[in-house]
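**Q** Next up is a structure, given as C-alpha cells.
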Amino acid sequence: MSNVRTAIVIGGGIAGPVTAIALHKAGIEANVFEAYPRQGEGIGGALSLEANGLAALGVIGAGDAVRAVAIPITRSVMTVGNRSLEIPGLEGLMPRHVIERSDLHRVLTERARAVGVRFDHGKRLVGAEQDKAGVTARFTDGTTARADVLIGADGVRSIVRTLIDPAAPGAAFTGLLGFGATVDAGLDLEPGTMTFAFGRRAYYLYWPTPDGRTAWGVNLPATKPLTLTEARAVPAERWLDTLRATYADDAPGAELARCTTPETLQVVGALHIMPPVPRWHRGRMVLVGDAVHAPSNSTGQGASLAIESAVQLARCLRDLPDAGSAFAAYEALRRRRVESIARRGARINHSKAPGRVARFVMPLALPLLFKMMDLEKTMGPEQRYVIDWDAPVQGSDQVHASAA
Ligand SMILES: Cc1cc2nc3c(=O)[nH]c(=O)nc-3n(C[C@H](O)[C@H](O)[C@H](O)COP(=O)(O)OP(=O)(O)OC[C@H]3O[C@@H](n4cnc5c(N)ncnc54)[C@H](O)[C@@H]3O)c2cc1C
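Residue numbers (this note's numbering): 6 to 409.
Structure (C-alpha cells):
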C-alpha cells in the first residue's frame, strides 16, 4: 500500500487526464493544472491510436467512448509517385483509429471529470519545491498547490523535466512542420483506408472521413523549428501557397492542397522528438508522456505510449510503498520499450523525403522487404502490448527483467 494519497498533474493534454483517471482508479486523488485558459484551446489536427494505446484506454474505461468518435483504419497503403503498395498489418488486433485531437481531449476530460478529477485552467507551472512531507507547485498567477507527488505531463517542452534535472536534454526538431485539414476534394477513396504518400517534395498522408470528405496531414520540410505560436503568426494564405507549391506535382496532393482553405487549415507547428532523458524522476517529481518520451510522429505511437505510461505510473504508485520506489519501478517498466520505439521512429523519419534514386528503388524493394519481414517479430511487441491492471507491480529489480 502506497503512502502517496494526492497528486498534482501538470498538463491537461493526453497523458495528464489519463494519469489522473488511472490514479483515481488506484485510489489516489489527482488534480490537473493546465496552462491554457480553456479546455481544448490551441489544439488541432488528428492523431492515430494503435491497438496498444486503445487497450490502455480500455483500462481506464475510456476505450469505447474514444472509438465512438474515431475512424477505424482497416487498410494501409503506401504510394511513391503513382505506384501503390499494400502495407501489411498484424492479424487479430483492434485496428488503428484516427481521431481529432480536440475530440480525444474532450472525451478524456469528460471521463476524468466524471470520476471526480478537478481541472484548473490558466495555471502555468513555473517552479516546484519539495520537502519531506510533499511538493509545492508554483504557477505564473502567483498561486500554489500542494500534494504528495507532482507529475509532469507537460509535453515535449516540459518545464518539469528541467525542474527534475536542469541539465536534461531538450526536444530535437525533426526538420518537419505539421499541418492538417479536412476538405471536400471529391476523391473516391475506399472507407477505412489510410494512404501514406511519398510526394515529389514532401510526405503526406490522407484518409476518407465518414461524411465523404478527405482528411490529410502534412509533414513539410523546414529549416526552422517554428513554435505553434510562430507558425500561427504566419498568415494561413502564405502557408497555403507553400503547400500548393510543395505538392503541385503530386496526386492527390495537389488537389488536397488546392481544396484546403485558410479556414480549414490546421497549423500544428514544429514536430519534435525527445532524445533519451537521463532522469525520469527526482524525489517527489516524475515525468510522463511526451515530456519524457516523444517518438517521431511517423511511429504513430506518441499518444499511445503516453497513455500506456500514464496507466503504468498509476499502477506503480498504487502498489509500491512510496514515491521513490514507485517511480523507479515505473521507469524500469517503461524505459526500454519507449526508447526502442523511438529508435524505430528516428529511422523512418529520415526517409520521409526520398531522393530520386530512392523513389525509383522503393516501389521495387519494399514489396520484397514486406514479404521477408517477420511482422510479428518487428511490430508484435509494439502493438500487442496489454497492461494487466490487476497484476501487482513488483519492485524495480524484478520488473526490469520482464519489461517489454
Ligand atoms: C502533427 C502531429 C501529429 C501527431 N500524430 C500522432 C499520431 O498519429 N499518433 C500518435 O500516437 N501521436 C501523434 N502525435 C504525438 C501526440 O500528439 C503526442 O505524443 C501526445 O499529444 C502526447 O501527449 P502529452 O499529454 O504527453 O503531451 P501534450 O498533448 O503536448 O500535452 C501537454 C499539455 O501540457 C500543457 N502544458 C505545457 N506546459 C505547461 C506548464 N508549464 N504548466 C501547465 N501546463 C502545461 C500544454 O498546454 C498541453 O496541454 C502527433 C503529434 C503531432 C505534433
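C-beta atoms are modelled at their ideal positions from N, C-alpha and C, and glycine is treated no differently.
Shorter than 7 Å, the distance from the beta carbon of Ser-89 to the closest heavy atom of ligand 1, or not?
**A** Checking the Cβ of Ser-89 against ligand 1 gives no.
**Q** Regarding Lys-128 and ligand 1, is the C-beta to nearest heavy atom distance less than 7 Å?
**A** It does: the Cβ of Lys-128 is within 7 Å (strictly closer) of some heavy atom of ligand 1.
**Q** Beta carbon of Arg-250: closer than 7 Å to some heavy atom of ligand 1?
**A** Correcting the residue type first, residue 250 is Ala in the shown sequence and not Arg. No, ligand 1 has no heavy atom inside 7 Å of this Cβ.
**Q** Taking 7 Å as the limit between beta carbons, can you name the residues of its chain near Pro-174, skipping five residues before and five after?
**A** The answer, listed in chain order, is Pro-280, Val-282.
**Q** So what's Asp-395 in DSSP terms, helix, strand or just coil?
**A** If DSSP states are grouped into helix, strand and coil, Asp-395 belongs with coil.
**Q** Relative to the C-alpha of Thr-214, which candidate in Phe-201, Ala-207, Asp-193, Pro-226 has its C-alpha closest?
**A** Nearest C-alpha to Thr-214: Asp-193.
**Q** With distances taken between CB atoms, is the gap from Pro-326 to Asn-8 smaller than 8 Å?
**A** Yes, they are a contact pair.
**Q** As an exercise, report each continuous alpha helix (DSSP H) stretch of at least 4 residues that is fully enclosed by the stretch 313–381, in chain order.
**A** As far as the stretch 313–381 is concerned, its whole alpha helix (DSSP H) runs of at least 4 residues are 328–355, 361–377.
**Q** What is the rounded straight-line gap between the Cα of Ala-20 and the Cα of Asp-159?
**A** Approximately 8 Å between the Cα atoms of the pair.
**Q** My output table needs one value for Gln-388: the three-state DSSP class, helix, strand or coil.
**A** Helix at Gln-388.
**Q** From what residue to what residue does the beta strand (DSSP E) around Ser-163 run?
**A** Per DSSP, Ser-163 belongs to no beta strand (DSSP E) and is neither H nor E.
**Q** Hey, could you find the ends of the beta strand (DSSP E) Val-122 is sitting in?
**A** Looking at the DSSP string, Val-122 is not in any beta strand (DSSP E), and its letter there is neither H nor E.
**Q** The alpha helix (DSSP H) that contains Arg-151, what's its start and end?
**A** Here Arg-151 belongs to no alpha helix (DSSP H); instead the beta strand (DSSP E) covers 149–152.
**Q** Compute the minimum distance between the beta carbon of Tyr-211 and the heavy atoms of ligand 1, and state whether it is under 7 Å.
**A** Flag unset: Cβ of Tyr-211 not near ligand 1.
**Q** Cα-Cα, which of Gly-97, Ala-25, Leu-98, Thr-79 is closest to Glu-91?
**A** Checked all of Gly-97, Ala-25, Leu-98, Thr-79; the closest Cα to Glu-91 is Thr-79.
**Q** Cβ of Ser-81 within 7 Å of any heavy atom in ligand 1?
**A** Answer for Ser-81: no, Cβ out of range of ligand 1.
**Q** Between Ala-12 and Ala-35, is the Cβ-Cβ spacing less than 8 Å?
**A** Yes, Cβ-Cβ distance for Ala-12 and Ala-35 is below 8 Å.
**Q** What does the alpha-carbon distance come out to for the pair Ile-26 and Ala-311?
**A** The alpha-carbon atoms of Ile-26 and Ala-311 are separated by roughly 14 Å.
**Q** Would you check whether ligand 1 has a heavy atom nearer than 7 Å to the C-beta of Gln-44?
**A** Every heavy atom of ligand 1 is 7 Å or more from the Cβ of Gln-44, so no.
**Q** What is the DSSP secondary structure of Ala-75, reduced to helix, strand or coil?
**A** Three-state result, Ala-75: coil.
**Q** If you draw a straight line from the C-alpha of Met-384 to the C-alpha of Val-120, how long is it?
**A** Distance between the alpha carbons of Met-384 and Val-120: 34 Å.
**Q** Output needed for Gln-271: all residues of its chain with C-beta closer than 8 Å, excluding positions within five of it in sequence on either side, in chain order.
**A** Cβ neighbours of Gln-271 beyond the five flanking positions: Gly-49, Gly-50, Phe-184, Gly-185, Ala-186.
**Q** So the candidates are Ile-104, Phe-332, Arg-284; which of them puts its Cα closest to the Cα of Gln-399?
**A** Among Ile-104, Phe-332, Arg-284, the Cα nearest to that of Gln-399 belongs to Phe-332.
**Q** For Glu-34, is the beta carbon positioned less than 7 Å from some heavy atom of ligand 1?
**A** No, since every heavy atom of ligand 1 falls outside the 7 Å radius drawn around the Cβ of Glu-34.
**Q** Could you pull the DSSP bridge partners for Val-420 from this structure?
**A** An answer regarding residue 420 cannot be provided, because it is not within the stretch 6 to 409 covered by the chain.
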